[in-house]
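First up is the structure itself, then whatever we jot down about it.
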Amino acid sequence: MVKLRATISGAFLLLTPAVFSDDGQSAEVKVGVGKSGQATIWITGEIVPGDADKFSQSVRRANDSGKFVANVRLDSPGGNLLEGVKIADAIRFGKTSTNVGKTAVCASACFLMFAAGSTKNAGYGAQVGVHGASGENGEETAASGAATVSMAKIAKELGVPSAIIGRMVVTSPQDMVWLSPQELQSMGVTMMGRPSQLTPPVASLQQTPPNSPFVVIPIGSGAFRCTDNTKR
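In this note's numbering, the protein residues as written are 61 to 292.
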């Protein structure tokens, strides 16, 4: 059974999401069973606090009914980064495949979830995007820079090529870099379907600044801790 762990590689992260506030509607997490008897979990929508628990509960329900969760299908613009890291860790721990369909989006925190798959599939036309983290009010700060460094370290551990990590690190949280099929293939993604004549745009997105009290503070030796401003 997949068990959620708090960290990837021992680097505890409680990160402000790079985009989208925490007061939005939670992602839809549902389970389906195919003819093979293996289960697929769909995660659709913005990732908010509590979604990692929803994912874990869905895995447990499938396991308790004798079903193995073989695949996670993603369609999410991102959201709370801590939740995304937790789900990514569970996906990696469970050796689960990930999939982004040809009309789906997987960006920001969702990208780490996608990268965690034991095998990764994306349809031609899928939009998979990366960018850096932002501060409490959507601005770039020392804390958001530390959060971006943490994201980069996690991505590296998940096998993401340095070229893609570099684009993540240098891209403003107000912008998004959409990865090409060639870039996706460079990180081991199998492209599904037929290539489209259109490529995802590299576009600046109008994004809602996060509304979170948490900030990340570097404490040396590559480690980070979180402080809750509401308790000061």
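Yeah, the Cβ is synthetic: ideal placement off N, Cα and C, and Gly gets one too.
message: Looking at the secondary structure, which residues open and close the alpha helix (DSSP H) in which E217 lies?
response: 202-217
message: Alpha carbons only, please: which of D235, V119, R152, F171 is nearest the one belonging to N140?
response: F171
- request: Let me know if R323 comes out buried or exposed under the rule of 16 or more other beta-carbons within 10 Å of its beta-carbon.
  value: Only positions 61 to 292 of the chain appear in the structure, and residue 323 is not among them; the question remains open.
message: Suppose contacts are defined by Cβ-Cβ distances below 9 Å. Is N123 in contact with I101 by that definition?
response: no
- request: Give the DSSP-derived three-state secondary structure of A122 in the structure shown.
  value: Of the three classes helix, strand and coil, the one that applies to A122 here is helix, per DSSP.
- request: For the beta strand (DSSP E) holding G92, just list the boundary residues, first then last.
  value: 88-93
message: Could you check whether the region 178-185 touches the region 205-219, counting it as contact only if at least three pairs of C-beta atoms, one from each stretch, sit closer than 8 Å?
response: no
message: Within 10 Å of its beta-carbon, does P233 have 16 or more other beta-carbons around it, so buried, or fewer, so exposed?
response: buried
field: Rounded C-alpha distance that separates I145 from S240
entry: Per the sequence shown, residue 145 should be read as Val rather than Ile. For V145 and S240, the distance between alpha carbons rounds to 23 Å.
- prompt: Pick from A215, G138, S86: whose alpha carbon is nearest that of D113?
  reply: With respect to the C-alpha of D113, the residue from A215, G138, S86 having the closest C-alpha is S86.
query: Under 9 Å between the Cβ atoms of V93 and A99?
result: Result yes, Cβ atoms of V93 and A99 sit closer than 9 Å.
- prompt: When you compare each of G105, P137, E143, G97 to S125 by their alpha carbons, which one comes out closest?
  reply: G97
message: Just to confirm the assignment, what range does the alpha helix (DSSP H) spanning G226 have?
response: 222-230
task: Helix, strand or coil for R133, going by three-state DSSP, please let me know.
output: strand
- request: Count the other CB atoms, across all protein chains shown, that sit within 10 Å of the CB of K155; report buried if there are 16 or more and exposed otherwise.
  value: exposed
message: Contact criterion: CB-CB distance below 9 Å. Does S210 meet it with respect to chain D?
response: Absent here is chain D; the protein component of the structure consists of one chain.
task: May I ask which residues mark the beginning and end of the alpha helix (DSSP H) holding S246?
output: 241-246
task: Kindly indicate the opening and closing residues of the beta strand (DSSP E) around V160.
output: Looking at the DSSP string, the run of the beta strand (DSSP E) that includes V160 is 157-160.
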